[in-house]
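A.B. asks:
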Amino acid sequence: MTEDKMTRRDFARQCIAISGTVIFVSPALLTAVEGKTKTDWMAMLEDPVRKDFSGQPDLDKILSLFPRTTGKPAFDPKIIAENIGKLQTTPAINTGHPFLDLSVKTGLAYIDATFRGDHPKYGTGSYAKDEHDGFPPTIIAAVDALSAWGMNTRASQLFNYWLTHFVRENGTINYYGPSISEYGQLLHTAALLAERAGTTGWWENGFKALDRIAEYLLKMRMAAEKEDGLIGGVPEADTRKYAGKYFHNNAWVVKGLQQWANVCERQKVSPTTATATIRKVCTSLAQDTLNAIRKTWPADPSDWWLSPQVEPVKKPEHLTGKWDLASYTNYRYWPELLSSGLLPADMANRIVNARLSAGGQFCGMTRFMDHLDDWPLADYLYGLWSLGRKNDFLLSLYGHIAYHQAEGHLTAYEQVTFPPGKQAADYCLPCQLVAARAARLLVK
Numbered sequence: 002m003t004e005d006k007m008t009r010r011d012f013a014r015q016c017i018a019i020s021g022t023v024i025f026v027s028p029a030l031l032t033a034v035e036g037k038t039k040t041d042w043m044a045m046l047e048d049p050v051r052k053d054f055s056g057q058p059d060l061d062k063i064l065s066l067f068p069r070t071t072g073k074p075a076f077d078p079k080i081i082a083e084n085i086g087k088l089q090t091t092p093a094i095n096t097g098h099p100f101l102d103l104s105v106k107t108g109l110a111y112i113d114a115t116f117r118g119d120h121p122k123y124g125t126g127s128y129a130k131d132e133h134d135g136f137p138p139t140i141i142a143a144v145d146a147l148s149a150w151g152m153n154t155r156a157s158q159l160f161n162y163w164l165t166h167f168v169r170e171n172g173t174i175n176y177y178g179p180s181i182s183e184y185g186q187l188l189h190t191a192a193l194l195a196e197r198a199g200t201t202g203w204w205e206n207g208f209k210a211l212d213r214i215a216e217y218l219l220k221m222r223m224a225a226e227k228e229d230g231l232i233g234g235v236p237e238a239d240t241r242k243y244a245g246k247y248f249h250n251n252a253w254v255v256k257g258l259q260q261w262a263n264v265c266e267r268q269k270v271s272p273t274t275a276t277a278t279i280r281k282v283c284t285s286l287a288q289d290t291l292n293a294i295r296k297t298w299p300a301d302p303s304d305w306w307l308s309p310q311v312e313p314v315k316k317p318e319h320l321t322g323k324w325d326l327a328s329y330t331n332y333r334y335w336p337e338l339l340s341s342g343l344l345p346a347d348m349a350n351r352i353v354n355a356r357l358s359a360g361g362q363f364c365g366m367t368r369f370m371d372h373l374d375d376w377p378l379a380d381y382l383y384g385l386w387s388l389g390r391k392n393d394f395l396l397s398l399y400g401h402i403a404y405h406q407a408e409g410h411l412t413a414y415e416q417v418t419f420p421p422g423k424q425a426a427d428y429c430l431p432c433q434l435v436a437a438r439a440a441r442l443l444v445k
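Residue numbering for the sequence shown follows this note's numbering, starting at 2 and increasing by one per position.
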């Protein structure tokens, strides 16, 4: 077998599930995947796996489609096994499939392996450099995953440390390229943690830092009202040179400030700006953002290019293949716009359908440039779930745990190549926690 091709015999071997049971795979799908190269996969605009599942995707079938991703473990598997053995979750991790259960447990076990005590690390290798420590998605993902499974003391410890070490006096984040959306997501994380775990161990110190974040966002909105009302800023650390008025940023400012007002009222505390005023700002910013989206997106529903920003941009030929606006829109800007909950269902479904028709995913995973990059996938999964698109949700979740995690030790690298997959970037924690965050929705 060559590096990126597999024969019919090799493929047939992949049709043996972990249990040893032969899984039937349709002849159409067998034909679709046999002999394909990376170039072939990149040329496809529709997900070649999705169309073969007319109903609910089957995890065992998905696991049988391709050779599993290979790469070195981020940590000693013995340490991870020990961490798994110490897990005490509420509820118990029982998703209905042992492989998904193991993926959730592995993700939770990687949190303490990745952090240096309470100090955050984005990942290993190049991602263990100090410059990445303040990346907000690391703490957002960790607190969400831990509190989702009732590991509240640890979630509170980590959030308290982060807020007291990475929020400056003026409300900005001590990181080289925080997106505006991440400020809103941190306020949302605070409300989520208070709802799930209460405020013991983090609220007393965290309130002042969160209040500064809220004031920073409110001041930016006030300045933006002189124009069209939309806040301009960095959309993603990698693209910090391309600041603009991005829809996902403004949507998450709305969500974050709404949640901040909610949690302050529940805790009976008075933030610097009164909650009634905050709510008025949220209402007006939400309307301004939706109006801007309607003016920017094409009226023709068959036109798939839904620009992520107000500023005029050239329509790409497809979503992925190179380092450009389209790739970043597909892998982060659209998913975060979906997860914000700002869009009505018809507009949210347009994003999903655009991703599905213009080269946005492969076996449910996110295509980025010429490979796969799933660290922001939880936002897409939350968006799918809120739309009631459970089959698409399961395909993306199953594809992620099957091929974005390495065989055996289940390390989730930030980027992997098309199956047969190999590690394309170092391990990062937000990618490792996709399963732990999303699978909680499947457990009552």
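From the three backbone atoms N, C-alpha and C, an ideal C-beta is built for every residue, glycine too.
Count Cβ pairs between the segment 233-247 and the segment 266-281 that sit closer than 8 Å; are there 3 or more?
C.D. replies: no
A.B. asks: Here's the rule I'm using: 16 or more other beta-carbon atoms within 10 Å means buried, otherwise exposed. How should ALA175 be labelled?
C.D. replies: Inspection of the sequence shows that residue 175 is occupied by Asn rather than by Ala. By the neighbour-count rule (16 or more Cβ atoms within 10 Å), ASN175 is not buried but exposed.
A.B. asks: Enumerate in chain order the residues of its own chain whose CB-to-CB distance from ALA425 is below 6 Å, with the five nearest sequence positions on each side excluded.
C.D. replies: HIS372, GLN416, VAL417 and THR418
A.B. asks: Quick one: any contact between the segment 359-371 and the segment 268-278, if contact means 3 or more CB pairs under 8 Å?
C.D. replies: Fewer than three Cβ pairs drawn from the segment 359-371 and the segment 268-278 lie within less than 8 Å of each other, which leaves the two stretches out of contact.
A.B. asks: For SER414, does the three-state DSSP call read helix, strand or coil?
C.D. replies: One detail in the question is off: residue 414 reads as Tyr in this sequence, not Ser. The answer is strand: DSSP assigns TYR414 an E or B state.
A.B. asks: Of the residues ASN95, TRP305 and LEU326, which one's Cα is nearest the Cα of VAL314?
C.D. replies: Nearest option by C-alpha distance: LEU326.
A.B. asks: Kindly give me the distance between the Cβ atoms of GLU312 and GLY257, rounded to whole angstroms, as I take these residues to be in contact under 8 Å.
C.D. replies: Not confirmed; about 23 Å, so no contact.
A.B. asks: Return the chain-ordered list of same chain residues with a C-beta closer than 6 Å to the C-beta of HIS410, the five sequence neighbours on each side being excluded.
C.D. replies: PRO74 and PRO78
A.B. asks: With 16 other CB atoms within 10 Å as the buried threshold, where does TYR177 fall?
C.D. replies: exposed
A.B. asks: Check for me: the alpha helix (DSSP H) holding ARG368 runs from which residue to which?
C.D. replies: Element bounds for ARG368: not the alpha helix (DSSP H) but the beta strand (DSSP E), 366-369.
A.B. asks: Going by DSSP, what residues sit across from THR71 in a beta bridge?
C.D. replies: LYS423
A.B. asks: Any idea what DSSP makes of TYR243, helix, strand or coil?
C.D. replies: helix
A.B. asks: With burial defined as no fewer than 16 other Cβ atoms inside 10 Å of the residue's Cβ, what is the status of ASP131: buried or exposed?
C.D. replies: exposed
A.B. asks: Cutting at 7 Å between CB atoms, please list the residues of its own chain near ASN250, excluding the five before and the five after it.
C.D. replies: SER180, ILE181, SER182, ILE232, GLY234 and PRO236
A.B. asks: Just to confirm, are VAL144 and THR190 a CB contact at a threshold of 8 Å?
C.D. replies: yes
A.B. asks: Measuring straight from C-alpha to C-alpha, what distance separates TRP261 and LEU159?
C.D. replies: 19 Å
A.B. asks: Under 8 Å Cβ to Cβ from LYS445, same chain only, skipping five residues before and after it: list those, please.
C.D. replies: PRO92
A.B. asks: Looking at PHE208 and VAL270, is the spacing between their C-beta atoms short of 8 Å?
C.D. replies: yes
A.B. asks: Round the Cβ separation of GLY230 and SER285 to the nearest angstrom and send it over; I've been treating them as touching at under 8 Å.
C.D. replies: Right, their Cβ atoms sit about 7 Å apart.
A.B. asks: Could you work out which residue in GLY360, ALA195 and LYS423 is closest to SER328 when comparing CA atoms only?
C.D. replies: GLY360
A.B. asks: Would you identify the three-state DSSP class for VAL264, choosing helix, strand or coil?
C.D. replies: helix
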